[in-house]
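In the numbering used here, the protein residues as written are 221 to 680.
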């Protein structure tokens with residue numbers, strides 16, 4: 221059928237040529253260059269131009285058809301490759317989630333070999349390497365992913381967290397800074413960078429960053445938490461400044477006062493303010509700061525500071541006066557009675573100390589600290605049997621002298637041996653407390669085994 225159509229077209233073309241030649245018998249001279257020319261009939265010239273146009277069209281159509289076939293083949297290959305890559309990636313993720321790390325590694329590596337540009341495959345491979353304990357290889361995979369997509373926040377966050385897991389905090393900080401250079405308002409990056417700065421004790425840098433975090437958290441449910449953290453960082457910067465000899469102590473002391481005023485319940489600020497005043501020789505002001513702190517918050521650290529201050533300056537009478545005054549105001553405060561009893565023991569006021577300690581015991585309190593102080597009070601009264609009994613209670617000993625056990629994994633203590641630790645869930649982990657240290661010290665090198673000396677060995 222195609223052949224007949226072709227023959228028909230040829231016949232029609234020849235008929236048209238004859239007809240056109242009859243109508244246009246004249247010739248046309250065409251100059252190529254200079255004196256070189258050729259003559260032909262107008263009909264041949266027209267038909268030649270038509271033929272050349274048709275031939276050009278055929279060539280163009282053939283080229284387009286060939287290009288289409290090439291594109292189609294490439295598209296088919298690309299689609300096949302993508303399907304293979306996706307299949308390997310999915311299989312790798314399934315193996316990763318099921319814990320089969322070896323097969324997960326194999327499948328994901330195949331996916332990377334077929335298409336190294338897929339970021340999700342790099343991230344999955346990094347997770348496999350981390351679970352296999354090969355952090356350095358995980359970093360290498362993530363760095364390759366970063367080369368392919370330098371501004372991918374997903375890759376950068378994964379890279380930063382991996383650096384943290386490896387203990388390379390400075391490198392992790394640099395990655396978080398790169399994230400903030402891309403997205404200045406990224407709160408997750410700011411918080412992570414702040415926490416790393418805190419871990420590295422870079423308090424001033426952490427404080428400046430926390431101000432940005434707080435600004436970005438305005439109107440969110442974390443605003444109160446971030447304001448509180450800002451206060452803590454202000455405290456650390458002031459405390460660090462007081463420890464430096466750079467002439468900033470006045471400003472830092474004022475900062476501590478402002479923090480106490482802004483947050484009266486923040487114990488560290490009150491304690492450090494008293495420490496700073498004591499170091500500057502302002503003993504009475506330091507004492508009043510700690511005393512106010514105890515009255516407001518009831519924390520024993522303030523009593524410890526007061527005791528150390530006055531006993532180190534050999535001024536126990538003032539401390540006794542303060543304690544008696546507080547005791548009249550807080551007669552039901554058992555913590556204060558415990559510290560008061562301890563002070564009286566240190567001052568050899570045994571009878572009065574015993575009175576304070578027995579009042580605590582009669583209230584139903586039973587702690588190792590109380591038992592230790594009662595034991596010391598009995599000892600100083602030369603009542604040795606009662607003293608020994610109190611010391612035994614303080615040490616947790618019973619009449620059978622059971623020594624107690626401790627979990628080898630998490631150090632959770634128990635008076636009885638347990639088959640499974642209730643804290644960490646490890647079976648068979650309970651050993652005698654202190655056993656590890658004794659075993660270590662028991663490993664004494666053995667003397668070489670004696671044997672007979674054969675003939676000729678002595679001379680050698």
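For glycine and all other residues, C-beta sits at the position ideal for the given N, C-alpha and C.
How many Å lie between residue i and residue j at the Cα?
{"i": "residue 519", "j": "residue 340", "result": "52 Å"}
{"i": "residue 560", "j": "residue 350", "result": "55 Å"}
{"i": "residue 297", "j": "residue 274", "result": "35 Å"}
{"i": "residue 467", "j": "residue 453", "result": "Here residue 467 scores only 43 on pLDDT, less than 50, and its place in the model should not be relied on; the value that follows carries that caveat. Spanning the two alpha carbons is a distance of roughly 20 Å."}
{"i": "residue 602", "j": "residue 596", "result": "10 Å"}
{"i": "residue 436", "j": "residue 371", "result": "22 Å"}
{"i": "residue 380", "j": "residue 432", "result": "20 Å"}
{"i": "residue 506", "j": "residue 525", "result": "9 Å"}
{"i": "residue 363", "j": "residue 357", "result": "10 Å"}
{"i": "residue 307", "j": "residue 336", "result": "15 Å"}
{"i": "residue 567", "j": "residue 387", "result": "50 Å"}
{"i": "residue 289", "j": "residue 303", "result": "21 Å"}
{"i": "residue 232", "j": "residue 285", "result": "28 Å"}
{"i": "residue 585", "j": "residue 446", "result": "39 Å"}
{"i": "residue 479", "j": "residue 400", "result": "30 Å"}
{"i": "residue 494", "j": "residue 633", "result": "37 Å"}
{"i": "residue 424", "j": "residue 638", "result": "48 Å"}
{"i": "residue 266", "j": "residue 292", "result": "39 Å"}
{"i": "residue 598", "j": "residue 571", "result": "10 Å"}
{"i": "residue 373", "j": "residue 402", "result": "9 Å"}
{"i": "residue 469", "j": "residue 646", "result": "51 Å"}
{"i": "residue 627", "j": "residue 649", "result": "5 Å"}
{"i": "residue 492", "j": "residue 534", "result": "22 Å"}
{"i": "residue 449", "j": "residue 606", "result": "49 Å"}
{"i": "residue 235", "j": "residue 287", "result": "36 Å"}
{"i": "residue 404", "j": "residue 346", "result": "26 Å"}
{"i": "residue 427", "j": "residue 457", "result": "8 Å"}
{"i": "residue 348", "j": "residue 325", "result": "7 Å"}
Based on the DSSP output, what are the partners of residue i in its beta bridges?
{"i": "residue 640", "result": "647"}
{"i": "residue 627", "result": "650"}
{"i": "residue 488", "result": "Per DSSP, none; premise fails for residue 488."}
{"i": "residue 633", "result": "626"}
Residue i: buried (16+ other C-beta within 10 angstroms of its C-beta) or exposed?
{"i": "residue 228", "result": "exposed"}
{"i": "residue 396", "result": "buried"}
{"i": "residue 224", "result": "exposed"}
{"i": "residue 277", "result": "exposed"}
{"i": "residue 430", "result": "buried"}
{"i": "residue 283", "result": "exposed"}
{"i": "residue 604", "result": "exposed"}
{"i": "residue 230", "result": "exposed"}
{"i": "residue 253", "result": "exposed"}
{"i": "residue 644", "result": "exposed"}
{"i": "residue 310", "result": "exposed"}
{"i": "residue 317", "result": "exposed"}
{"i": "residue 625", "result": "buried"}
{"i": "residue 394", "result": "exposed"}
{"i": "residue 420", "result": "exposed"}
{"i": "residue 269", "result": "exposed"}
{"i": "residue 408", "result": "exposed"}
{"i": "residue 630", "result": "exposed"}
{"i": "residue 587", "result": "exposed"}
Hey, residue i and residue j: beta-carbon distance below 8 Å or not?
{"i": "residue 461", "j": "residue 490", "result": "no"}
{"i": "residue 594", "j": "residue 581", "result": "yes"}
{"i": "residue 509", "j": "residue 497", "result": "yes"}
{"i": "residue 482", "j": "residue 434", "result": "no"}
{"i": "residue 178", "j": "residue 562", "result": "Here the chain has residues from 221 to 680 only, and residue 178 is not among them."}
{"i": "residue 389", "j": "residue 413", "result": "no"}
{"i": "residue 182", "j": "residue 511", "result": "Residue 182 is absent from the structure shown; the chain starts at 221 and stops at 680."}
{"i": "residue 312", "j": "residue 301", "result": "no"}
{"i": "residue 529", "j": "residue 503", "result": "yes"}
{"i": "residue 257", "j": "residue 250", "result": "yes"}
{"i": "residue 354", "j": "residue 321", "result": "no"}
{"i": "residue 378", "j": "residue 332", "result": "no"}
For chain D, is any of its Cβ atoms less than 8 Å away from the one on residue i?
{"i": "residue 473", "result": "This model lacks chain D altogether, as it is built from one protein chain only."}
May I ask whether a heavy atom of the ligand ATP can be found less than 7 Å away from the beta carbon of residue i?
{"i": "residue 481", "result": "Absence of the ligand ATP from the depicted structure is noted, as is the absence of any ligand whatsoever, leaving it without description."}
Next on the checklist: Which complete alpha helix (DSSP H) runs does the region 307 to 367 hold, if anything under 4 residues is left out?
Outcome noted: Note on the region 307 to 367: whole alpha helix (DSSP H) runs with a minimum of 4 residues are 321 to 334 and 339 to 351, in chain order.
Item to check | Runs of alpha helix (DSSP H) wholly within the region 457 to 529 (minimum 4 residues, chain order) | outcome: Segments of the alpha helix (DSSP H) lying fully in the region 457 to 529: 469 to 482, 487 to 499 and 503 to 517.
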